[in-house]
Amino acid sequence: MDYTLREIYSKERIDREVQRLAREISGDYEGKELLVLVILKGAFIFAADLLRKFTIPATVEFLEISSYCGMDSTGKVKMVRDARFSVQGRDVLLVEDIIDQGICLSALVQDLRQRNPASLKVCTLIDNRKRRTQPIEPDYAGIREVCGFLVGYGLDLDQRYRELPAVYEVVPTGNSDDVPQ
Ligand code: IMP
Ligand code: MG
Numbered sequence: 099m100d101y102t103l104r105e106i107y108s109k110e111r112i113d114r115e116v117q118r119l120a121r122e123i124s125g126d127y128e129g130k131e132l133l134v135l136v137i138l139k140g141a142f143i144f145a146a147d148l149l150r151k152f153t154i155p156a157t158v159e160f161l162e163i164s165s166y167c168g169m170d171s172t173g174k175v176k177m178v179r180d181a182r183f184s185v186q187g188r189d190v191l192l193v194e195d196i197i198d199q200g201i202c203l204s205a206l207v208q209d210l211r212q213r214n215p216a217s218l219k220v221c222t223l224i225d226n227r228k229r230r231t232q233p234i235e236p237d238y239a240g241i242r243e244v245c246g247f248l249v250g251y252g253l254d255l256d257q258r259y260r261e262l263p264a265v266y267e268v269v270p271t272g273n274s275d276d277v278p279q
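Heads up, the sequence shown is in this note's numbering, so the first residue is 99 and it goes up one at a time.
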C-alpha cells in the first residue's frame, strides 16, 4: 500500500490532553493509591507521560493481549503477559492507546472484574467511535473523535511509527482497497 502520513494531533495538543487527564484522575483518586495497568505495546508512551503528571501515588503493571485480540475458545481473554500481580481490592486504572471496536478492552474488563478489584476504570488517549461494536465507554478519554487509521505516539502500523511525537492519519495514495482498518 502507498500512503502518506498527515499530522492530525500535534505534540502540543497531546500534551494538553494528557495534562488535563492527569489532573482529573489525580483529583478523582485523591487519598488513594492507584494501580495503573498499561496495555502493551501501544499505550507505553501515553502511560509514561500520564504517570509523570500524576499528583497521586501509583504503581504500574503491564499487560499484553495476544495478537488475535479478544477471546480464545474458552471465552477467556488471551493474555501474553499477565498474572504476576493481584488486582484484588485495588483501585485499578486500565490505560489504553486507542479504543476502536472495543473488542480487546471489553474482554479485558470482563476478565479483570472477576478478579475483584475495589474499582476498575478505563483511560484511553483516543476514543475512535467509528467502528465500535462493543458497549464499552472509557471513563477518561483524551480525544473523542471519529478518525481513520492512526500512527505515532505509541500507535503503530505493522510495528512502525510508534516513536513519532505527534499522531498522524495514514492516508492512502494508491489503491484504497488497502486502507488499514
Ligand atoms: P479494538 O479491540 O478494535 O478496540 O482495538 C484496539 C486495539 O487495536 C488498540 O489497542 C490498538 O492496539 C489497535 N488499534 C485500533 N485502532 C488503531 C489505529 O488507528 N492505529 C493503530 N492501532 C490501532
Ligand atoms: Mg493496543
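Note that CB positions come from ideal geometry on N, CA and C, so glycine has one too.
Using DSSP with H/G/I as helix, E/B as strand and the rest coil, what is Cys202?
Residue numbering aside, residue 202 sits at position 104 when the sequence shown is read from its first letter. Helix, per DSSP.
Just grab the DSSP bridge partners of Thr102 for me.
As a first step, residue 102 is located in the sequence shown; it is residue number 4 there, counting from the start. Val269.
Kindly give me the distance between the Cβ atoms of Val265 and Ile106, rounded to whole angstroms, as I take these residues to be in contact under 8 Å.
Start at 1 with the first residue of the sequence shown, and residue 265 comes out as number 167. Start at 1 with the first residue of the sequence shown, and residue 106 comes out as number 8. At roughly 6 Å, the Cβ-Cβ gap stays under 8 Å, so Val265 and Ile106 are in contact.
From what residue to what residue does the alpha helix (DSSP H) around Val158 run?
Looking up residue 158 in the sequence shown gives position 60. It is not in any alpha helix (DSSP H) - Val158 instead sits in the beta strand (DSSP E) that spans Ala156 to Ile163.
Nearest-angstrom Cα separation, counted from Leu103 out to Leu206
By 1-based counting over the sequence shown, the position of residue 206 is 108. By 1-based counting over the sequence shown, the position of residue 103 is 5. Whole-angstrom Cα-Cα distance: 31 Å.
So, are the CB atoms of Arg211 and Asp225 less than 7 Å apart?
The residue given as residue 211 occupies position 113 in the sequence shown. The residue given as residue 225 occupies position 127 in the sequence shown. No, the Cβ-Cβ distance between Arg211 and Asp225 is not below 7 Å.
Distance check for Ser184 and Ile112, CA to CA, integer angstroms please.
For the purposes of this step, residue 112 is identified with residue 14 of the sequence shown, where counting begins at 1. For the purposes of this step, residue 184 is identified with residue 86 of the sequence shown, where counting begins at 1. Each residue's alpha carbon lies about 31 Å from the other.
Taking Cβ to Cβ, would you say Val193 is nearer than 7 Å to Ala141?
As a working mapping, residue 193 is identified with position 95 in the sequence shown. As a working mapping, residue 141 is identified with position 43 in the sequence shown. Cβ distance < 7 Å, so Val193 and Ala141 count as in contact.
Taking its Cβ as the centre, do 16 or more other Cβ atoms sit within 10 Å of Ser204, making it buried, or is it exposed?
Taking the sequence shown and counting its residues from 1, the one referred to as residue 204 is at position 106. That one is buried.
Is Ile196 near the ligand IMP, with its Cβ less than 6 Å from a heavy atom?
Position 98 of the sequence shown, counted from the first residue, corresponds to residue 196. Checking every heavy atom of the ligand IMP against the Cβ of Ile196, one is found closer than 6 Å.
Cβ atoms of Leu161 and Gly240: under 7 Å apart, would you say?
For the purposes of this step, residue 240 is taken as residue 142 along the sequence shown, with counting starting at 1. For the purposes of this step, residue 161 is taken as residue 63 along the sequence shown, with counting starting at 1. Contact flag unset, no.
Have a look at Pro263 and Glu159 and give me their C-alpha separation to the nearest angstrom.
Here residue 263 is taken as the residue at index 165 of the sequence shown, counted from 1. Here residue 159 is taken as the residue at index 61 of the sequence shown, counted from 1. Taking the straight line from one Cα to the other gives about 23 Å.
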